[in-house]
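Trainee: First the structure, then my questions, so here it is.
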Amino acid sequence: MSVIVNCRCNAQNSTLRLAESYSCLWVAPVTYLGGEESFDLLVFDYDRFQKLFNEYERLGDAVVKRKVYVPTNTLRDSFAVSLSSLFSSLTQRQIRVLEEAMTRGYYEVPRRTSIKQIAAALGLSESTTQEHLSRAEAKVVRAIAPYLRLYAR
């Protein structure tokens with residue numbers, strides 16, 4: 001689905017972030033011309049898109065340029081994901097803690113390390129380490145949710 005939005009958008013009301021919050025995926029490139037933002041969306045649930053489109057209309061003029069049916073099985077193995085879409089919401093400390101946890105084998109079965117060992121390696125308290133790791137995990141899972149839904153269809 002191609003959408004054009006004419007609005008005064010900023011980081012707080014980003015049309016692309018709004019699309020992601022409704023489990024829609026935007027596809028690059030995004031173009032800006034004459035005050036209009038134009039982009040393609042992959043939409044998996046029409047009801048969610050209607051809610052998203054209503055939000056866009058609250059921000060400014062919104063128009064659906066075209067709708068094209070794409071079977072989801074054609075996207076499963078070839079959809080590119082940008083690193084920033086996965087990790088840009090993480091703080092530097094969350095990235096550091098998550099990377100240390102992966103490096104030390106925290107996500108292996110059985111685990112090769114503990115929160116206590118990760119905390120000691122980073123010079124942080126266990127509670128701070130656990131909090132940063134939990135927040136990082138939650139952000140990464142939220143970021144991959146639309147892709148997981150796409151794959152699961």
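Position 112 of the sequence shown, counted from 1, bears residue number 112 in the UniProt record's numbering, the numbering being contiguous throughout. Every residue gets a Cβ at the ideal spot worked out from N, C-alpha and C, and that includes glycine.
Taking only the alpha-carbon atoms, compute the straight-line gap between Arg142 and Ser134 and give it to the nearest angstrom.
Mentor: Position 142 of the sequence shown holds residue 142. Position 134 of the sequence shown holds residue 134. Between Arg142 and Ser134, the C-alpha separation is close to 12 Å.
Trainee: Report the three-state DSSP secondary structure of Glu108 (helix, strand or coil).
Mentor: The residue labelled residue 108 in the question sits at position 108 within the sequence shown. Correct three-state label for Glu108: coil.
Trainee: Any heavy atom of the ligand MN closer than 8 Å to the Cβ of Gly35?
Mentor: Questions concerning the ligand MN fall outside what the structure shown contains, since it holds no ligand whatsoever.
Trainee: Less than 9 Å separating the beta-carbons of Tyr56 and Ala62?
Mentor: Counting from one through the sequence shown, the residue named residue 56 turns up at place 56. Counting from one through the sequence shown, the residue named residue 62 turns up at place 62. Closer than 9 Å, so yes.
Trainee: With 16 as the cutoff for other CB atoms within 10 Å, does Ala101 come out buried or exposed?
Mentor: Within the sequence shown, numbered from 1, the residue matching residue 101 stands at position 101. Buried is the call here.
Trainee: Relative to the C-alpha of Val30, which residue among Arg112, Leu98 and Arg17 is closest?
Mentor: On the sequence shown, position 30 is the one that residue 30 refers to. Checked all of Arg112, Leu98 and Arg17; the closest Cα to Val30 is Arg17.
Trainee: When the Cα atoms are used, what is the spatial distance from Leu42 to Tyr22?
Mentor: Counting from 1 along the sequence shown, the entry for residue 42 is found at position 42. Counting from 1 along the sequence shown, the entry for residue 22 is found at position 22. Cα-Cα distance, rounded: 11 Å.
Trainee: Can you name, in chain order, every residue of its own chain whose Cβ lies under 8 Å from the Cβ of Arg104, other than the five neighbours on each side?
Mentor: Numbered from 1 along the sequence shown, position 104 holds the residue referred to as residue 104. Answer for Arg104: Arg112, Thr113, Gln117, Ile118 and Ala121, listed in chain order.
Trainee: Look up Ala143 in the DSSP assignment and give the residues it is bridged to.
Mentor: Position 143 of the sequence shown holds residue 143. Note: Ala143 sits in no beta bridge, so no partner.
Trainee: Compute the distance between the beta-carbons of Leu86 and Leu98, then report whether it is under 9 Å.
Mentor: The residue given as residue 86 occupies position 86 in the sequence shown. The residue given as residue 98 occupies position 98 in the sequence shown. No. Outside cutoff.
Trainee: Sort out for me which residues DSSP pairs Tyr32 with in a bridge.
Mentor: As a first step, residue 32 must be located in the sequence shown, where it is residue number 32. Glu37, per the DSSP bridge assignment.
Trainee: Going by DSSP in three states, Leu42 sits in which element: helix, strand or coil?
Mentor: On the sequence shown, position 42 is the one that residue 42 refers to. The answer is strand: DSSP assigns Leu42 an E or B state.
Trainee: Could you compute how far the alpha carbon of Phe49 sits from the alpha carbon of Ile95?
Mentor: Counting from 1 along the sequence shown, the entry for residue 49 is found at position 49. Counting from 1 along the sequence shown, the entry for residue 95 is found at position 95. C-alpha separation (whole angstroms): 32 Å.
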